[in-house]
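S.K.:
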Amino acid sequence: MNLTSDDVKNIAQLARLAITPSEVPVYAQSLSKIISMVEQLHLADVAHVEPMAHPLAAQVQRLRADAVEDCDQRDKYQANAARVEAGLYLVPKVID
Amino acid sequence: MTDAQFKTDQAHLHHLTLAQLSAGLHAKRFSSVELTRYFLQRIERLNPALNALITVTAEHALASAVAADRQLASGMAGPLSGLPLVHKDIFCTDGVLTTCGSRMLSNFVAPYDAAVVERLARAGMVMLGKANMDEFAMGSSNENSYYGAVKNPWHPAKIPGGSSGGSAASVAARLAPAATGTDTGGSLRQPAAMTSLTGFKPTYGRVSRYGMIAFASSLDQAGTLTFTARDAALLLSAMAGFDPRDSTSVDTPVPDYAAALEQPLSGLKIGLLQEFFDTGLDEAIAKQVREALRIFQKLGAQLVEVSLPSLPLSVPTYYVVAPAEAASNLSRYDGVRFGYRCTEPRDLEDLYLRSRGEGFGAEVKRRIMIGTYVLSKGYYDAYYLRAQKVRRLITDDFARAFREVDVLIGPTTPTTAFDLGAKLDDPVTMYLNDIYTVGASLAGLPAISIPCGFCHDLPVGLQIMGPHFAEAKVLNVAHQFQRETAWHRRIPDGYQ
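In the order they appear, the protein sequences are chains W and F.
Residues 108 to 203 in my numbering are what the first sequence lists, from first letter to last.
Residues 522 to 1017 in my numbering are what the second sequence lists, from first letter to last.
1) Where does the unbroken alpha helix (DSSP H) through Ala807/F begin, and where does it stop?
2) Report buried or exposed for His1009/F, applying the criterion of at least 16 other Cβ atoms within 10 angstroms of its Cβ.
3) Leaving out five residues on either side along the sequence, give the residues of the same chain with a beta carbon under 6 angstroms from the beta carbon of Thr936/F.
4) Count the other CB atoms within 10 Å of the CB of Ala532/F; is the residue buried (16 or more) or exposed (fewer)?
5) If you reduce the DSSP assignment to three classes, tell me which class Pro199/W lands in.
6) Could you give the distance in angstroms between the alpha-carbon of Ala154/W and the alpha-carbon of Asp955/F?
7) Assign Phe527/F to one of two classes, buried (16 or more other C-beta atoms within 10 Å of its C-beta) or exposed (fewer than that).
8) Using the Cα positions of Tyr534/F and Ser691/F, report the straight-line distance between them to the nearest angstrom.
9) So which residues on chain F does Asn187/W lean against when the C-beta distance must stay under 8 angstroms?
10) For a test of the three-state rule: what should DSSP assign to Leu874/F, helix, strand or coil?
11) Give the range of the alpha helix (DSSP H) segment to which Lys722/F is assigned.
12) If you measure between the beta carbons of Leu979/F and Lys679/F, is that distance less than 8 angstroms?
13) Along the chain, which unbroken stretches of the beta strand (DSSP E) at least 3 residues long are found entirely within the stretch 696-747 of chain F?
14) Is it right to say Met522/F is buried, meaning 16 or more other beta carbons lie within 10 angstroms of its own, or is it exposed?
15) Can you find at least 3 beta carbon pairs, one from the stretch 692-699 of chain F and one from the stretch 627-644 of chain F, that sit closer than 8 angstroms?
16) Could you tell me which chain F residues have their CB closer than 8 angstroms to the CB of Leu138/W, listed as they occur along the chain?
17) Cβ atoms of Pro605/F and Pro698/F: under 8 angstroms apart, would you say?
18) Return the chain-ordered ranges of every beta strand (DSSP E) run that is complete within the stretch 539-625 of chain F and spans a minimum of 3 residues.
19) In this structure, how does DSSP classify Thr523/F when only helix, strand and coil are distinguished?
20) Alpha carbon to alpha carbon, how far is Arg710/F from Glu870/F?
21) Please classify Tyr861/F as buried or exposed, where buried requires at least 16 other C-beta atoms within 10 Å of its C-beta.
22) Answer yes or no: do Ala589/F and Gly603/F have a C-beta to C-beta separation smaller than 8 angstroms?
23) Hey, is the stretch 773-781 of chain F in contact with the stretch 903-917 of chain F, meaning 3+ C-beta pairs nearer than 8 angstroms?
24) Looking at the unbroken alpha helix (DSSP H) that takes in Lys672/F, where does it start and where does it end?
25) Nearest by alpha-carbon distance to Asn117/W: which of Thr1006/F, Leu874/F, Ala938/F is it?
26) Step through the CB atoms of chain W and report whether any lies within less than 8 angstroms of the CB of Tyr725/F.
27) Skipping 5 residues on each side, what residues in its chain have a beta carbon closer than 7 angstroms to that of Met625/F?
28) Given Thr838/F, which residues of its chain have a CB within under 7 angstroms of its CB, disregarding the five upstream and five downstream residues?
29) Helix or strand or just coil, what does DSSP make of Met760/F?
30) For Met159/W, return the contacting residues in chain F, with the cut-off set at a CB-CB distance below 8 angstroms.
31) Taking Cβ-Cβ distances below 7 angstroms as the criterion, which residues of the stretch 710-741 of chain F are in contact with chain W?
32) Would you mind telling me which residues of chain W sit closer than 7 angstroms to Leu906/F, beta carbon to beta carbon, in chain order?
33) Can you find the residues in the same chain that come closer than 7 angstroms, C-beta to C-beta, to His1000/F, ignoring five residues on each side of it along the sequence?
34) Answer with buried or exposed for Asp524/F, where buried requires no fewer than 16 other C-beta atoms within 10 angstroms of its C-beta.
35) Are the Cβ atoms of Gly878/F and Ala845/F separated by less than 8 angstroms?
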């Protein structure tokens, strides 16, 4: 399996990762090698096999009561943000 | 205690296991403050050459030690009270830098403690610092850290293994008597094998993932790096248990792991995986593993050959499932609410693209792209869904094997620690290093690596895997081996 430069650029865009033009052929090569390796999966006979998303078969998703548990920690959390103002996270203007 | 006695004890505190240090604290031979200062001094002297720790939390440690000494004086202290350790920098620590080895989180001060950190602090343990690691736990050599590679205390030109490489190097060099770590595909067992330590990954769901920065949520599990299986049992008793804040935390009682250690192994059925002794295994490692098996036979265990036909597909399965989950988990790093943000973003799209492009290292970006690809339209069925099906085949193979045998034993890694830089340019070669460890991860099984010898002066690890929730059995088997051998007591030159 060989990924082209356009494939890599498309994947990087989907993943929202800026990569430089010089990185494109490097990723094309390493991603192609990895995809070729994982193609061994096609050796397995998986007809009638249920996909497994989780290692503990008996585990069911728990639900909790719809009740407030955490106290207000906005200021503490926002201390980690690059830009905040009046309790709001600031990002570049989205709508003119 | 006389001054002379105290000096003798103090000169060798780093030779002692957690269990021995605990006995010393309870017998008042030394205090937690003395113990903490002792290890902080070793860190100051020895860490610069190893690069094992990202952050040293000296002030925090001494404050915890003072509190532990009060507990010890009151006679109310538990077995872990006053014992120092380091946490892998993947665990959130309230008010302390938590980087996950990434530029993305190089400015992140966690607003709360991970469950593991909280539980061990409540047991009275003293955090000395935060250990270096492969960025977001993606790697098998600890070379993928924004904070630089970690050196193996056994050989400065070799990798310590990864991703819990900083935790392993810290304990191997006796900068701390124990460390926490995480294991997604072998990240505790592989560094343990390469640094002559006991590295234990419990069953998936046994230890809460709350506050443990997510890599691949259906595989991630917290565990320990210690000198002995006894110490692993001691730590696990405090770490394990139900936590409603982790949706996959398992609500089953935590048994007394220490009590099961002394059970004799006569009649134990040990499965030997044929697939593990096939091509690719260093002959010198195979020889050490066979010698270890003879010790188990001497202890009365019976060896049974078993075959897991789907196991050779575990590396390709893992390298679809783990990157897919990573691509999803790491989408939260958008430069908005926390973490690295690029300078002067043109617009919101540019903010996302460049914050992620600049904040993540090469291997993390590679795995996000693999994950994005295998989840994308047109490829989902061929890769991701198929990998989930093969994951079931592998898990079923293990379940069948455990109907015949009590534990499975084999090598932890196909080679000893390799040279720094040797596999950096070839990710597939690097990934194949995980060949013996990813199987237990995919099936969610408890697995331990313990020291079983040396080849070319480098440590060799022996892996013991058990059925779900058979932590006590796995630790029992490891402990009985350590009663018969002295490999786990060896200390690298320069750190004695």
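Note that CB positions come from ideal geometry on N, CA and C, so glycine has one too.
If you're wondering where the values come from, they're calculated on a predicted model, not measured in any experiment.
M.R.: Once the coordinates are examined:
1) Start and end: 804-819.
2) It is buried - the Cβ of His1009/F has at least 16 other Cβ atoms within 10 Å.
3) The answer, listed in chain order, is Asp803.
4) Under this definition Ala532/F is an exposed residue.
5) Coil at Pro199/W, not helix or strand.
6) Cα-Cα distance, rounded: 27 angstroms.
7) Caution applies to Phe527/F, whose pLDDT of 49 falls short of 50 and renders its modelled position unreliable; the value that the coordinates give is listed next. Phe527/F should be labelled exposed.
8) The displayed chain sequence assigns Leu, not Tyr, to residue 534/F. Distance between Leu534/F and Ser691/F, taken at the CA atoms: about 15 angstroms.
9) The answer, in chain order, is Asn628, Phe629, Val630, Pro632, Arg858, Phe859, Gly860.
10) It is helical.
11) It is not in any alpha helix (DSSP H) - Lys722/F instead sits in the beta strand (DSSP E) that spans 719-722.
12) Yes, they are a contact pair.
13) Taking only runs of at least 3 residues, the beta strand (DSSP E) segments lying wholly in the stretch 696-747 of chain F are 700-704, 719-722, 742-747.
14) Here Met522/F scores only 40 on pLDDT, less than 50, and its place in the model is too uncertain to base an answer on.
15) No, because fewer than three Cβ pairs between the stretch 692-699 of chain F and the stretch 627-644 of chain F fall closer than 8 angstroms, the two stretches do not touch.
16) Identification of chain F residues near Leu138/W by a Cβ-Cβ cut-off of 8 angstroms yields Arg887, Met890, Ile891, Tyr894, ordered along the chain.
17) For Pro698/F and Pro605/F, yes; Cβs fall inside 8 angstroms.
18) Whole beta strand (DSSP E) segments, 3+ residues: 574-577, 605-609.
19) Any reading at Thr523/F must be qualified, since the residue scores a pLDDT of 44, below 50, and its modelled position is unreliable; the value itself is stated next. Note: Thr523/F maps to coil in three-state DSSP.
20) Going by the C-alpha atoms only, they are around 40 angstroms apart.
21) It is buried - the Cβ of Tyr861/F has at least 16 other Cβ atoms within 10 Å.
22) Taking the C-beta atoms as reference points, Gly603/F is found nearer than 8 angstroms to Ala589/F.
23) In short, these stretches do not touch, since the Cβ pair count stays below three.
24) In the DSSP assignment, Lys672/F falls outside any alpha helix (DSSP H), carrying neither H nor E.
25) Asn117/W has its Cα closest to that of Leu874/F, out of Thr1006/F, Leu874/F, Ala938/F.
26) Under the 8 angstroms criterion on CB atoms, Tyr725/F is classed as interfacial with respect to chain W.
27) Within the same chain, Met625/F has close Cβ partners Tyr854, Gly860, Tyr861, Gly880, Phe881.
28) Counting only Cβ-Cβ distances below 7 angstroms, and skipping sequence neighbours, we find Ala908, Val911, Arg912, Ile915, Leu963.
29) Shown here, Met760/F sits in a helix according to DSSP, grouped into three states.
30) Within chain F, the residues Gln909, Lys910, Arg912, Arg913, Thr916 have their CB atoms less than 8 angstroms from the CB of Met159/W, given in chain order.
31) Going along the stretch 710-741 of chain F in chain order, one finds Tyr725, Gly726, Ser739 with a Cβ nearer than 7 angstroms to chain W.
32) Listed along the chain, the chain W residues whose CB falls inside 7 angstroms of the CB of Leu906/F are Pro158.
33) Cβ neighbours of His1000/F beyond the five flanking positions: Ala750, Arg751, Leu782.
34) Here Asp524/F scores only 45 on pLDDT, less than 50, and its place in the model is too uncertain to base an answer on.
35) No, the pair does not count as a contact, with Cβ atoms beyond the cut-off.
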